[in-house]
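Report on one structure; see the data block that follows.
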Amino acid sequence: MTSVLILNGPNLNLLGQRQPEVYGRTTLAEVETMCQADAARLGIDVQFQQSNHEGVMIDAIHAARGVHGGLILNAGAYTHTSIGLMDAISSAEIPTIELHLSNVHAREPFRHQSYIAKVALGVICGFGPHGYTLALEAMARHLE
Ligand code: CA2
Numbered sequence: 327m328t329s330v331l332i333l334n335g336p337n338l339n340l341l342g343q344r345q346p347e348v349y350g351r352t353t354l355a356e357v358e359t360m361c362q363a364d365a366a367r368l369g370i371d372v373q374f375q376q377s378n379h380e381g382v383m384i385d386a387i388h389a390a391r392g393v394h395g396g397l398i399l400n401a402g403a404y405t406h407t408s409i410g411l412m413d414a415i416s417s418a419e420i421p422t423i424e425l426h427l428s429n430v431h432a433r434e435p436f437r438h439q440s441y442i443a444k445v446a447l448g449v450i451c452g453f454g455p456h457g458y459t460l461a462l463e464a465m466a467r468h469l470e
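Following this note's numbering, the numbering of the sequence shown begins with 327 at its first residue and continues without gaps.
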């Protein structure tokens, strides 16, 4: 069965607990429950992870090679800074969708830059937690 890694970056463990006006009231645990339901509907396996550490995220991407068919990555603030994550995706040669809860293009200029987008299949942003469902549907279709 096709397996997809959903990897979440720094501070996303706080989802639903702080700044609800920006990121909403849904917790990351609730997002995972939603993703597992989506995965069952789409007939794929999903592994859901979160880390606040860039190196841990790089290790997770390396480990995904040959195990997961695709990567859905909300790299949080590392999106805008991390050449290391970009290189990890390139070296793992894993189809990747960049995902954000917020519409990063409607926010501060520093959020308009993405190192992940340069090596991603595509980018989904601005749809809140529903973006995870959209990304899973797009990845399942891509891997068909
Ligand atoms: O919109 C997104 O999904 C972001 O990846 C979220 C990142 C931000 O740095 C990116 O530019 C866009 C920030 C995640 C912080 O998450 C929090 C959640 C609740 C409370 C505080 C932070």
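C-beta atoms are modelled at their ideal positions from N, C-alpha and C, and glycine is treated no differently.
| query | result |
| --- | --- |
| For residue 435, the nearest candidate out of 403, 465 and 454 (CA to CA) | 403 |
| Counted within 10 angstroms of its Cβ, other Cβ atoms place residue 369 as buried (16 or more) or exposed | exposed |
| Residues that residue 329 bridges to, as DSSP identifies them | 371 |
| Residue 420 versus residue 378: straight-line alpha-carbon distance, rounded | 22 Å |
| C-alpha distance - residue 445 paired with residue 410, whole-angstrom precision | 12 Å |
| Reduced DSSP category for residue 393 - H, G, I as helix; E, B as strand; rest coil | coil |
| Distance cut-off 7 Å: residue 430 Cβ against heavy atoms of ligand 1 | yes |
| Limits of the beta strand (DSSP E) - the one that residue 470 falls within | First-last for residue 470: undefined, no H or E at that position. |
| Range covered by the alpha helix (DSSP H) that runs through residue 338 | Careful: residue 338 lies outside any alpha helix (DSSP H) and carries neither H nor E. |
| Endpoints, alpha helix (DSSP H) assigned at residue 347 | 346-349 |
| Exposure of residue 412, with buried meaning 16 or more beta-carbon neighbours within 10 Å | buried |
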